[in-house]
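Beneath this line is the structure, given in structure tokens, with notes to follow.
Right under this line is the structure:
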């Protein structure tokens, strides 16, 4: 029991220290600034962005794609690792679920920011056409939000019940809330059966739904004629890209949370080693699809394709392209092949680069294609030949990233980020095994 | 000590919850408020009003001197469903590239009659040259009103639609501004109203009344244009209804545009009236980007036996402007 | 004497000053209206004047809209008021004559009319005279050896004699402008007749073609048009995909594959989600 009490003390949510309050206030300020910029955009129209008739989609869309990609981490860690019986995932699953939920919720919000007439949002439901890929997106995103939430919630129930007891004296109101959300969890056999059955179903469902989500996201681009988008490779390319972005985000967030909450005993070097290998696998798969996407069209060198590839390899977008490919893909593969590279601190930096490169990779996917349409760009102002986001776009985009971080922060603050019940169960099992062995 | 901790924790929770609630409620009301605001700022006029005269120039007039007129409409009433179209017709256009010398009268007429105030015209005359050795030529492009329109396929809310008579039109009261249609169109023919179009209201009202339709009819695009929606060439159904050719066709001094009904197998540029099938056969008509499978309704006659030199059009060519702005 | 001269001088000066100042005061100079009128007679149909009023203002041609015009019948040198009309906003007006039998012609069997505009504050007065004789075109469809022809005869109505060596244009009615058929210059022979071959395969709604034989803008007879409805055209077939289920149809014509497969997926996934949520409720109760 002493072990159990220590476990509880280590894993239970703690009040925000000064750092926590500072961090949260910082995020809230950024969000408010973004909100003001958004209201300005609603009043004046999207002319406050630098999008025009040729660069008709910009960082709102590439940011949206980034969020959708990152939300894949829930499917990967929780479901795929579970179904392949990788038990080391236990301390990581809750954070993965939290990141997943935050990312997909922000994806839903971000896409509405790109709509120039958000007051007509209901048209997407009243007049929906099933032939349009956007309608498929409108269906799949709420589905994935609900599934991500259930994936977080079902395993959380026992922990909420534990926390209700834990906080009973220290913080009665908090305890009451934990109690309400724990849905009268008593750990009874009946409840456990329902819970386990449900988790199994969710874990099974979330893989195909997650894959369909990434696929539909890719189809938003590959159902057009545009060079650079009209690729049969796009769906698997996006799925593997989501794998990379998701695991990268997971590593980065885990490292920070581990430091802040002093969870070094629970998330050990072993876990980082495993995560490192997982990220290497993800990057290798993504590299394979990148080669198919960028190298093979250079073989036949069709004119349209070469305009696109030239701008990426040696042209205007070359610095960005090589940063995201070498920095975000090749460098992680090499660094993670060494055991030293899979230690926590190096992993954190690698994860950070992977996340940043993932964000800019989506920018490289969206923007260059729009700036070389089939017919030459003529009859429009010179500035329309280029695109770089405006101040409004940056403020709003950074605010959405801050909001995602805020959701993660708040959930990490109030939820036990390492499943208490499960860790206790696993430790019991280990203890029993040790006892029987000795 | 413990109580203090509890109190401060309670306060924090309280504040957090209140803040969250306020944010949620204000978030819900935000869009409605902002859209109302945006409607009002349009009417926040100074004492002066901008008007467009009948020849297309913009002048400033005191608002007090402007009154709305109630003109009786003398045009034929609409006798077909707007989404289905004029029965027994399939509209096609033939552009004779041998005659085009970039006079741009078509573009000016289109800009004027649709009150285009943005920076991108709906009708653009491209300076084309496929490769160094092949001949350069001027290519006027409108919306191609494709029979397999990519733009219609991807619209999530049915705001753009394909009619029985071949026209692809836009209902800008339904458009949500996602711009997927613009991404899908391979001819780059759609334009977007990124801000307020700032068309003059009185002139628009007069035009709407004269052509007997409410404002925002898909059959008279640009009357009015709406912020945050898409616009494009509509093949002027408002003119066709009155037995008149689209404005670009009548404005062209060189007879470049032929327009007509494919079912009648007849096209005319105002002067010559010809069998459509014969015209295509005799002059080897073709369509742009045929290989994409969009099945456009606009055919082109190759620039052979040119009546004018390509270079003569360079004078009028402005790479960075297609809509004339007032001084 | 001197006083009288002085007074006359004074009045002269006064008068000239007045005239000069008023001519200077007249900032608005009235523009000239150009009236154009064409007499059109459609066989077994309307007889009318096609009137248009235009002016050149500021070196641009504009339509003169909403002006009142009076039409006079000129008989024996006297102008008799016949009717009036107003131009529409495009400066055009169609003035219908009920029938020619009630109108008097002159000794040469010519009908004379004057269309006059008495001027307003912006425009000077103007008038246009029209004179025409009455002519008829009798046209019919003839089929010989399964080839279709249009034969038409142009007759001067008063003299009841054919008019020869006059160009008659044969055309098919189309949406915007009519489609000419036959030779470019088709003169009537000594019997006042022309015969034009109608080629095969001209499309028409339900196979119907409206064929016109027109005497265009003759100095003597004006414009005379005969219309023959001939069911010899190729019937129009609707080729549009409007009624089909396609990817670009409105949502009520979604392709069946898209209706069935995605909806099945949605129902099964959301069915499971609802089951899971119900499990949460069940869990709470147990």
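Residue numbers (this note's numbering), protein chains in the order written: chain A, 1 to 438; chain B, 439 to 765; chain C, 766 to 1051.
Glycine included, every Cβ here is placed at the ideal spot set by N, Cα and C.
Quick caveat, the model's predicted, so the values are computed rather than measured.
{"Query": "Contacts of residue 1012 of chain C in chain A (Cβ-Cβ under 7 Å)", "Result": "131"}
{"Query": "Interfacial residues, the segment 325 to 358 of chain A to chain B, with Cβ spacing under 8 Å", "Result": "none"}
{"Query": "Neighbouring residues, chain B, relative to residue 1001 of chain C (Cβ below 7 Å)", "Result": "526, 701"}
{"Query": "Residue 122 of chain A (DSSP reduced to helix, strand or coil)", "Result": "coil"}
{"Query": "Residue burial classification, residue 479 of chain B (beta-carbon count within 10 angstroms, cutoff 16)", "Result": "Below a pLDDT of 50, predicted positions are generally treated as unreliable, and residue 479 of chain B, at 43, falls in that range; the measurement from the model is reported next regardless. It counts as exposed."}
{"Query": "Contact list for residue 607 of chain B against chain A, beta-carbon separation under 9 Å", "Result": "Ordered by position in chain A, no residue passes the 9 Å Cβ test against residue 607 of chain B, which lies about 15 Å from the chain."}
{"Query": "Selection from A/318, A/302, A/45 that minimises the alpha carbon distance to residue 615 of chain B", "Result": "A/45"}
{"Query": "Neighbour list for residue 1006 of chain C in chain A, Cβ cutoff strictly below 9 Å", "Result": "Residues of chain A passing the Cβ test: none, with the nearest at roughly 13 Å."}
{"Query": "Residue 580 of chain B at chain C interface by Cβ criterion, 8 Å", "Result": "no"}
{"Query": "Length of the line joining the Cα atoms of residue 172 of chain A and residue 261 of chain A", "Result": "23 Å"}
{"Query": "Assumed close pair residue 452 of chain A, residue 147 of chain A - CB separation to whole angstroms, cut-off 8 Å", "Result": "Given that chain A is displayed from residue 1 to residue 438, the structure contains no residue 452 of chain A and the question cannot be resolved."}
{"Query": "CB of residue 130 of chain A within 8 Å of CB of residue 1024 of chain C, strictly", "Result": "yes"}
{"Query": "Spatial neighbours of residue 622 of chain B in its chain, beta-carbon cut-off 8 Å, leaving aside the 5 residues before and after", "Result": "588, 589, 591, 592"}
{"Query": "Beta-carbon proximity list for residue 1050 of chain C, same chain, < 8 Å, skipping 5 on both sides", "Result": "none"}
{"Query": "Within 8 Å, strictly: CB atoms of residue 897 of chain C and residue 979 of chain C", "Result": "no"}
{"Query": "Pairwise C-alpha distance: residue 239 of chain A and residue 207 of chain A", "Result": "11 Å"}
{"Query": "Whole-angstrom distance between residue 997 of chain C and residue 714 of chain B, CA atom to CA atom", "Result": "19 Å"}
{"Query": "Whole alpha helix (DSSP H) elements within the segment 1026 to 1051 of chain C, 4-residue minimum", "Result": "none"}
{"Query": "Member of B/708, B/726, B/703 whose CA lies at the smallest distance from the CA of residue 719 of chain B", "Result": "B/703"}
{"Query": "Environment of residue 862 of chain C [buried if 16+ CB atoms lie within 10 Å]", "Result": "buried"}
{"Query": "Inter-stretch contact (C-beta, 8 Å, three-pair minimum) for the segment 599 to 608 of chain B and the segment 21 to 33 of chain A", "Result": "no"}
{"Query": "Residue burial classification, residue 752 of chain B (beta-carbon count within 10 angstroms, cutoff 16)", "Result": "exposed"}
{"Query": "Top-ranked residue by Cα proximity to residue 125 of chain A, from B/544, B/595, B/548", "Result": "B/595"}
{"Query": "Residue range of the alpha helix (DSSP H) that includes residue 403 of chain A", "Result": "391 to 414"}
{"Query": "Residues bridged to residue 903 of chain C (per DSSP)", "Result": "C/918"}
{"Query": "Exposure label - residue 508 of chain B; buried when at least 16 CB within 10 Å", "Result": "With a pLDDT of only 44 at residue 508 of chain B, under the threshold of 50, the placement of this residue in the model should not be trusted, and no figure is reported."}
{"Query": "Proximity test, Cβ basis, 8 Å: residue 604 of chain B and chain C", "Result": "yes"}
{"Query": "Span of the beta strand (DSSP E), counted from its first residue to its last, around residue 258 of chain A", "Result": "Here residue 258 of chain A belongs to no beta strand (DSSP E); instead the alpha helix (DSSP H) covers 234 to 261."}
{"Query": "Residue environment, residue 111 of chain A, which counts as buried when at least 16 other CB atoms sit within 10 Å", "Result": "buried"}
{"Query": "Residue 987 of chain C (DSSP reduced to helix, strand or coil)", "Result": "strand"}
{"Query": "When C/1048, C/780, C/776 are compared against residue 153 of chain A, the one with the closest alpha-carbon", "Result": "C/1048"}
{"Query": "Coarse secondary structure for residue 803 of chain C, derived from DSSP in three states", "Result": "strand"}
{"Query": "Contained alpha helix (DSSP H) runs [length at least 4] in the segment 259 to 347 of chain A, N- to C-terminal order", "Result": "269 to 290, 297 to 300, 303 to 313, 318 to 322, 331 to 337"}
{"Query": "Environment of residue 1009 of chain C [buried if 16+ CB atoms lie within 10 Å]", "Result": "exposed"}
{"Query": "Proximity of residue 801 of chain C and residue 890 of chain C at Cβ, strictly below 8 Å", "Result": "no"}
{"Query": "Where residue 622 of chain B falls: helix, strand or coil (DSSP)", "Result": "helix"}
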